[in-house]
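A short write-up of the structure that comes next.
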Amino acid sequence: MEGCAVDASNQQRSFVIERDVPGAGTLSPQELAAIAQRSCKVLDELGPSIQWIHSYVTADRIYCIYASTDPALIHRHAELGGFPANRVSRVETIIDPSTAFE
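For the sequence shown, the residue numbers in my numbering are 700 to 801.
Structure (C-alpha cells):
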C-alpha cells in the first residue's frame with residue numbers, strides 16, 4: 700500500500716471530520732486496522748490533494764484530522780470508503796498552552 704501520501708505543494712487546509720460511529724470505542728485493534736486500511740486505499744485512489752493526519756476514537760464518534768485542497772474530496776472519501784462524515788469543519792487556527800504567552 701502506498702500509504703496516504705500527500706503533495707506538500709498543494710494549497711491544503713486542515714479539516715476536522717466528525718463521524719458518528721456507535722460503539723467506536725469498543726472496536727477491536729483488528730477492526731480499527733481494517734478501517735484504516737480501507738481509508739488509505741481510498742485516499743490513494745483520490746490522489747495527493749487529500750491526506751489523513753490522524754483520528755481520535757471516542758465511545759460513539761471518531762474525530763479525524765485531514766488536510767485537503769477541497770472539502771468535497773473529504774465527502775467523496777467518506778462516500779467511497781463507506782464512512783459517515785456527519786460534520787466537516789475547516790480549521791481556522793490552532794491554539795495550545797503556548798498561545799497564552801504570545
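Built from N, CA and C at the ideal position, the CB exists for glycine as well.
In whole angstroms, what separates the C-alpha of Glu778 from that of Pro770?
-> As a first step, residue 778 must be located in the sequence shown, where it is residue number 79. As a first step, residue 770 must be located in the sequence shown, where it is residue number 71. Roughly 13 Å separates the two Cα atoms.
Go to Asp795, then tell me how far its beta strand (DSSP E) extends in each direction, as first and last residue.
-> The count along the sequence shown starts at 1 and reaches residue 795 at position 96. Where Asp795 is concerned, there is no enclosing beta strand (DSSP E), given that its DSSP letter is neither H nor E.
By the 10 Å Cβ neighbour count, where 16 or more other Cβ atoms means buried, how is His753 classified, buried or exposed?
-> If you number the sequence shown from 1, residue 753 lands on position 54. So His753 counts as exposed.
From Tyr755 to Phe782, what distance separates their C-alpha atoms?
-> Position 56 of the sequence shown holds residue 755. Position 83 of the sequence shown holds residue 782. Tyr755 and Phe782 have their C-alpha atoms some 15 Å from each other.
When the Cα atoms are used, what is the spatial distance from Glu647 to Thr768?
-> The requested residue 647 does not occur in the structure, where the chain is confined to residues 700 to 801.
With burial defined as no fewer than 16 other Cβ atoms inside 10 Å of the residue's Cβ, what is the status of Ser738: buried or exposed?
-> Counting from one through the sequence shown, the residue named residue 738 turns up at place 39. Per the 10 Å Cβ criterion, buried.
Can you give, in chain order, each stretch of the beta strand (DSSP E) that sits fully within the region 716 to 775 and has at least 3 residues?
-> Runs of the beta strand (DSSP E) inside the region 716 to 775: 749 to 756, 760 to 767.
On the DSSP bridge assignment, give the partners of Val787 in chain order.
-> Translated into positions along the sequence shown, residue 787 becomes position 88. DSSP, once it has assigned bridges, lists Ile716 as partnering Val787.
Which residue from Thr757, Ser727, Gln750 puts its Cα closest to that of Arg712?
-> By 1-based counting over the sequence shown, the position of residue 712 is 13. Closest option to Arg712, Cα to Cα, is Gln750.
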